Structure formats: C-alpha cells, structure tokens
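Q: Counting from 428, one number per residue, gives the positions in the sequence shown under our numbering.
Structure provided below as structure tokens; questions to follow.
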Amino acid sequence: MLTTIALSFLVGAPASATPAQEPVPTPSASESPEQAAKTELKPSLFRVLGGNVAGTERGLEGRTESWAKFDRVLGDTFLRMRYHQFKADGSLNYSMVQLFLPLADNKIEAWFFDEMGETSSWSGTISDRGMQLTTSSADGTIVGEQVYEWTNGGYQFRLMGFGPAGAEGGLIEYLSGEYEPTSKWRPLPANANLEKSARALPFGWYLGSFRGKEISIYGASDGVMSTTLGPGPWFYTEYNSAVKGEVVFSGLGFVSASKNGDFTLHWFEQGGAHSIIEGKVLADGNTNALVRNEDGEVIERHTDTRTGEDSYTFSIKQLDETSGEWKLFMTGNYLRHP
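As structure tokens, this is what we get:
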C-alpha cells in the first residue's frame, strides 16, 4: 500500500508535507575563506556519524550495553540510526530508530520511533564540537534534550528529560554514555510473539516484499516495496521506483496500525519532504488513504484493491485545483516476492 503514497511525490510533496530543503552549496575553489565559512558543508553530520558504535551507558535503570548503527538513506538525504540497548544479563532492554535530516545553517531535524510505539520530533544544531537536539510539548515547553559531544571517531551522549517531579523539577539526566567505533553489530533478538501479533493486524498483510509494474503520467516504472517489523510494533517500509534499472524515487515510512484497520503513516522521501498520512485497511482487505493539505482539505486519494492472496492493484487520484476534478495520476499491479 505504501507504494501508492510514495509515488504521489514524483510531482512534488503535497501541501501537507514539509517541503524539501534546498541543498547547501559546497565550497568551491573560487570561494573565499569567508564565503566557505558561510556555506558550512551539509554532510557534516555524515562526516562525524557513520558505521557502528558501541558503548556502556549509565542511567536511572543502572548500567546497560548499547549498540548503534548509522547509515545514509534516501539518496543520502537522511542519516538513519538504529539503536539497541541490552541489560547486564544480555536481554534486550530497549530499541529505537531515529532519522536525522541535515538542513542549512547547521540546523538538524530528527524523528524518533521506539519499541513502545512512541514517536517524537526533535530539532537543534550541529557544530564541530557536537550536536544538541530538543523536543517540546504542544505548549512549547522543552521536555527532552539530546546532547552529543564528538570524540575521536565516536561521541559522548546525554539524554535529558523530566523526572518524578515533572516540569517543576526541570530536566534531569536520564542516561549518559560514551560510544566508540566497532566493526561488530548486535542485532535484535527474534520476538515471535510480537511478529505474531503484528501479522494478526489488518495491516500485517503488507509484511514482506512486493514488486510491481507501474504507469504514471510520466510513463512506466518498476517498483519494490519491502515492509518489516520494528522497532517494537512499528511497521517499517522502504520503497524504490526505477526506470530502466535506475532508481528515480525512494521513500521510507513508519506505520502505526490498529486492530480495526486504521493506520498512521509517517512518511519520508528523498529530498527531505516528510508528512503524516491517515489510512484504513477495510474489512475486504482493500485499503484507502487520504493526503491532506495544511488546511485539512483532501488533495489525493490512494486505493489498494486485493486481487489475490499475494497481489493487489493500486491507483492514485489527484485533485485538479483549477477544475475541481479528480484525475488519475498513477496505477500499478503488485505481486508478493519471495
């Protein structure tokens, strides 16, 4: 189903999405030192964070061993962090995924998805010394802070949040640690019960990989959509569309799904656009999703129709603002791939 949402952005992000940021120019040989200083390299985050790191942490729950894997995604637009925390007895204590988006002027945006099904958005700045991100409540109160201090190939980290006293007690240190590069990686242990529960949800049908042929107003393309589980109850999907073997569009999303078929998709795409889309898997297995603009008006309609146990067709219709008519933007046929 997520492929239908992904390709809607070939024309451009809907008004409800945050527009893609202009790339920060890299200094050229003709630039003066002053000009180069004003155009701080956008990939600075990528230069300091990459590969695998491991470390020992100290927090309110005692000492834990943690692993993080950093890799570039969506055409090197985002940096993805996969984080696993283990107790002293070797059992999993916590896991999460965080996406970082470098912007102009050394600004950073980030989105956090954890095994508890929680999500939050963060913003801050990066420098040669480190990075600081904060997250706020609806009334603008800062309720969390991430502080990174770069070391020789790794970083020191502190996580701040409200303690037992709540806002009156201010932010306290929840966790701190130091992380060093490593060639090793400690994957998440299998969780059969969690996977069983996820597959029982209406959205669970999308777990696995699908490949298909698509036709849009731009012509034919080949698409691949893969959906896995985790962290926790989140469905994680990655999508690529290719023309003559060359990827022309990519996106990824985190889906929170319920027993009644309702789901919320947090969608990210190459170029930096991101949005939240609501949908529903119906009793007959078909799926509907709506894309809205900032005023709450529906501007796209996405429909999946099951054609078999392992196949479906989909269509995207877009609202022509001039005529007020719904026009077909794209159709496709998808088949589950082993």
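The beta carbon of each residue, even a glycine, is placed where N, CA and C say it ideally should be.
The structure presented is a predicted model; accordingly, all values stated were derived computationally and were not measured.
For the region 603-690, list the beta strand (DSSP E) runs that are entirely contained and at least 3 residues long, ordered along the chain.
A: 635-643, 646-656, 662-670 and 673-684
Q: Using only the alpha-carbon positions, how far apart do Ile703 and Arg733 sit?
A: Counting from one through the sequence shown, the residue named residue 703 turns up at place 276. Counting from one through the sequence shown, the residue named residue 733 turns up at place 306. Their Cα atoms are separated by approximately 24 Å.
Q: Measure the C-alpha to C-alpha separation of Gly551 and Asp731 and round it to an integer number of angstroms.
A: For this step, residue 551 is matched to residue 124 along the sequence shown. For this step, residue 731 is matched to residue 304 along the sequence shown. Going from the Cα of Gly551 to the Cα of Asp731 covers about 38 Å.
Q: Contact check, Val708 vs Phe589 under 8 Å by CB: the rounded distance?
A: Locating residue 708 in the sequence shown gives position 281, where the first residue counts as 1. Locating residue 589 in the sequence shown gives position 162, where the first residue counts as 1. Beta-carbon to beta-carbon, Val708 and Phe589 are separated by about 36 Å, too far to satisfy the 8 Å threshold.
Q: Evaluate the contact criterion for the region 479-493 versus the region 669-679: three or more CB pairs, one atom per stretch, below 8 Å.
A: no
Q: Going by DSSP in three states, Ala531 sits in which element: helix, strand or coil?
A: Residue mapping note: residue 531 aligns to position 104 of the sequence shown, counting from 1. In the structure shown, Ala531 sits in a helix (DSSP, three-state: H, G or I).
Q: Whose CA, out of Gly672, Ile644, Thr691 and Gly657, lies closest to the CA of Ser742?
A: Here residue 742 refers to the residue found at position 315 of the sequence shown. Per the Cα distances, Ile644.
Q: Look at the alpha carbon of Ser564 and the alpha carbon of Glu724, and state the distance between them as a whole number of angstroms.
A: Reading the sequence shown from its first residue, position 137 is the one you call residue 564. Reading the sequence shown from its first residue, position 297 is the one you call residue 724. Each residue's Cα considered, the two are about 26 Å apart.
Q: Using a Cβ-Cβ cutoff of less than 8 Å, which residues in the same chain neighbour Thr546 once the five nearest sequence positions on both sides are dropped?
A: Residue numbering aside, residue 546 sits at position 119 when the sequence shown is read from its first letter. Closer than 8 Å at the Cβ level, and outside the excluded window around Thr546, lie Trp538, Phe539, Phe540, Phe681, Ser683 and His693.
Q: Distance, Cα to Cα, Thr758 vs Val570?
A: Here the question's residue 758 lines up with position 331 in the sequence shown. Here the question's residue 570 lines up with position 143 in the sequence shown. Those two C-alpha atoms are separated by around 44 Å.
Q: Smallest Cα separation from Gly639: which of His764, Lys623, Phe527 and Thr561?
A: Numbered from 1 along the sequence shown, position 212 holds the residue referred to as residue 639. Nearest neighbour of Gly639 by Cα position, chosen from His764, Lys623, Phe527 and Thr561, turns out to be His764.
Q: Does Asn667 pass the burial test, meaning 16 or more other C-beta atoms within 10 Å, or should it be called exposed?
A: Taking the sequence shown and counting its residues from 1, one reaches residue 667 at position 240. Asn667 is buried by the Cβ-count criterion.
Q: Considering only residues of the same chain and omitting the five flanking positions on each side of Ser548, which have a CB-CB separation below 8 Å?
A: Working through the sequence shown from its first residue, we reach residue 548 at position 121. Same-chain partners within the cutoff: Glu536, Ala537, Trp538, Phe539 and Thr562.
Q: Work out the CA separation of Asp516 and Ala716 for me, nearest whole Å.
A: Counted from its first residue, the sequence shown places residue 716 at position 289. Counted from its first residue, the sequence shown places residue 516 at position 89. C-alpha separation (whole angstroms): 44 Å.
Q: Using only CA atoms, which one of Thr664, Ala627 and Ser610 lies nearest to Gly477?
A: Position 50 of the sequence shown, counting from 1, holds the residue named residue 477. Ranking Thr664, Ala627 and Ser610 by Cα distance to Gly477 puts Ser610 first.
Q: Taking just the CA atoms, how far does Ser750 sit from Leu473?
A: Locating residue 473 in the sequence shown gives position 46, where the first residue counts as 1. Locating residue 750 in the sequence shown gives position 323, where the first residue counts as 1. Looking at the sequence provided, one finds Phe at residue 473 rather than Leu. Cα to Cα, the separation comes out at about 45 Å.
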